[in-house]
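In my numbering, the protein residues as written are 3 to 328.
Written below as structure tokens is the structure these notes are about.
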Ligand SMILES: NC(=O)C1=CN([C@@H]2O[C@H](COP(=O)(O)OP(=O)(O)OC[C@H]3O[C@@H](n4cnc5c(N)ncnc54)[C@H](OP(=O)(O)O)[C@@H]3O)[C@@H](O)[C@H]2O)C=CC1
Ligand SMILES: CCCCCCCCCCCCCCCC(=O)[C@@H](N)CO
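Below is the structure:
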């Protein structure tokens, strides 16, 4: 007890937090970086709908050369028209399934060396695992996780030897369900948690090539994909997801693009998401010494808050399963 209060008393003496700040300013790695967007080649998978389409709009409006990739040629064509109408910019479109490495590789080679790669494609159906077919589980992992490997592997060689000597970026659109497991999202959460391992390892491998990795964690976002998902989402999934509210597509795209430009490793999109990132930061890299400081001093209290959320969620699950078995 005495030891604990002495520890907290130390924080009343400004010299202690100040020296922690100073030490963090010296040691945080990788170093802060800014990623320019103007006049660069931005390649977005899943760029024909929702968050990807909104990101393509933003990139085009900011003066980038934009390429988008998705399966449906029809949706790609529509997206292209929409962006041209709004910004006057003609985006290049590539029809390919991210599960097909050769097709992805061909599209990326055709598009030319990439400066900013945004891996955003994703599929989601919320369903209890007992009701999820093995094929559908595999489909989720294949598109969200293996597909992301395919896209990055296909783009990386040319990114490493790019002529444009500016800092490059590889960003991945995860989900808050990629930071905490959520009822109904066993397959989806697993596919998105996988991106965390991929991103952390990849950042170490590409830092010497001046390539910077960003992971984006949106909450529920009002996209065409989300509209579809809601038709069959279990009630408990919706209750738990509501802890973080929902956001508009443009708002998420703005947060994502700002995070990419600021070279952040972790990008949260709302206040709950910021708390969730603090709670789950673990061994992830941190470029900002301010945020590193916040992580250090909130580690204990944020764990307490996290446990209250779990308490709340398990109460909801219990209540719901009782009404169901009646
Ligand atoms: N909306 C939400 O609530 C949230 C979404 N996210 C994540 O954000 C990302 C975008 O989601 P959102 O905008 O809602 O999704 P949408 O369903 O609106 O759009 C998905 C995009 O991905 C493309 N896509 C899907 N499967 C493949 C494939 N196999 N190969 C190539 N392209 C593919 C789609 O085109 P096509 O079908 O023609 O291939 C489309 O362009 C996803 O990774 C999702 O997990 C994260 C948190 C919340
Ligand atoms: C310590 C503090 C914790 C703070 C609160 C945490 C709240 C977490 C809620 C998880 C929401 C998951 C939404 C998934 C959205 C998604 O990806 C689907 N719509 C499919 O696209």
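All residues carry an ideal CB built from backbone N, CA and C; glycine is no exception.
Since the model is a prediction, treat every value here as computed from it, not as a measurement.
Alpha-carbon to alpha-carbon, residue j and residue i
| i | j | result |
| --- | --- | --- |
| residue 38 | residue 325 | 53 Å |
| residue 224 | residue 85 | 19 Å |
| residue 80 | residue 173 | 24 Å |
| residue 161 | residue 271 | 27 Å |
| residue 198 | residue 33 | 20 Å |
| residue 71 | residue 51 | 10 Å |
| residue 142 | residue 151 | 14 Å |
| residue 226 | residue 98 | 20 Å |
| residue 301 | residue 307 | 10 Å |
| residue 207 | residue 321 | 47 Å |
| residue 101 | residue 149 | 5 Å |
| residue 73 | residue 193 | 20 Å |
| residue 45 | residue 154 | 11 Å |
| residue 261 | residue 215 | 11 Å |
| residue 319 | residue 282 | 22 Å |
| residue 77 | residue 288 | 37 Å |
| residue 103 | residue 144 | 11 Å |
| residue 4 | residue 14 | 16 Å |
| residue 313 | residue 27 | 36 Å |
| residue 41 | residue 249 | 29 Å |
| residue 111 | residue 157 | 8 Å |
| residue 292 | residue 23 | 7 Å |
| residue 53 | residue 124 | 10 Å |
| residue 212 | residue 238 | 43 Å |
| residue 277 | residue 89 | 35 Å |
| residue 57 | residue 233 | 25 Å |
| residue 309 | residue 139 | 29 Å |
| residue 201 | residue 178 | 15 Å |
| residue 10 | residue 294 | 19 Å |
| residue 265 | residue 36 | 5 Å |
| residue 127 | residue 236 | 10 Å |
| residue 67 | residue 75 | 20 Å |
| residue 205 | residue 20 | 29 Å |
| residue 183 | residue 106 | 30 Å |
| residue 83 | residue 263 | 26 Å |
| residue 2 | residue 169 | One cannot answer for residue 2 here, as it falls past the ends of the chain, which runs 3 to 328. |
| residue 43 | residue 113 | 9 Å |
| residue 245 | residue 274 | 8 Å |
| residue 311 | residue 136 | 31 Å |
| residue 92 | residue 229 | 28 Å |
| residue 299 | residue 31 | 19 Å |
| residue 122 | residue 47 | 5 Å |
| residue 269 | residue 165 | 28 Å |
Cβ-based burial, residue i [other Cβ within 10 Å; buried from 16]
| i | result |
| --- | --- |
| residue 316 | exposed |
| residue 8 | exposed |
| residue 267 | buried |
| residue 259 | buried |
| residue 305 | exposed |
| residue 109 | buried |
| residue 147 | buried |
| residue 95 | buried |
| residue 49 | buried |
| residue 334 | Because the chain is modelled from 3 through 328, residue 334 falls outside the range shown and cannot be assessed. |
| residue 297 | buried |
| residue 60 | buried |
| residue 231 | buried |
| residue 17 | exposed |
| residue 242 | buried |
| residue 210 | exposed |
| residue 195 | buried |
| residue 55 | buried |
| residue 69 | buried |
| residue 62 | buried |
Below-8 Å beta-carbon distance, residue i vs any chain D residue
| i | result |
| --- | --- |
| residue 168 | The chain labelled as chain D is not found in the depicted structure, where only one protein chain is given. |
Discussion item. Give the list of continuous beta strand (DSSP E) stretches no shorter than 3 residues that lie fully inside the region 118-197.
Written reply: If one requires a minimum length of 3 residues, the beta strand (DSSP E) runs lying completely within the region 118-197 are 118-121, 170-175, in chain order.
Worksheet item: Three or more C-beta pairs closer than 8 Å, one from the region 108-123 and one from the region 164-180: is that the case here?
Response: Taking 8 Å as the limit for Cβ pairs, the verdict is that the region 164-180 does touch the region 108-123.
Worksheet item: If we count Cβ pairs, one from each stretch, closer than 8 Å, do we get three or more for the region 126-136 versus the region 186-206?
Response: With the cut-off at 8 Å, the region 126-136 and the region 186-206 touch.
Item to complete: Would you check if there are 3 or more beta carbon pairs closer than 8 Å linking the region 241-257 to the region 208-224?
Response: Contact holds: three or more Cβ-Cβ distances are below 8 Å.
Worksheet item: Which whole runs of the beta strand (DSSP E) in the region 25-64 are 3 residues long or more, in chain order?
Response: Within the region 25-64, the complete beta strand (DSSP E) runs of at least 3 residues are 43-47.
Fill in: Contained beta strand (DSSP E) runs [length at least 3] in the region 199-246, N- to C-terminal order
Fully enclosed beta strand (DSSP E) runs of 3 or longer: 213-219, 222-224.
Worksheet item: Which parts of the region 65-116 are runs of the beta strand (DSSP E), unbroken and 3 residues or longer, counting only runs that do not cross its ends?
Response: Here the runs fully enclosed are 67-72, 94-97.
Worksheet entry | Contiguous alpha helix (DSSP H) assignments of at least 4 residues, all confined to the region 240-303 | Counting only runs of at least 4 residues, the region 240-303 fully encloses the following alpha helix (DSSP H) elements, listed from N- to C-terminal order: 251-263, 273-281.
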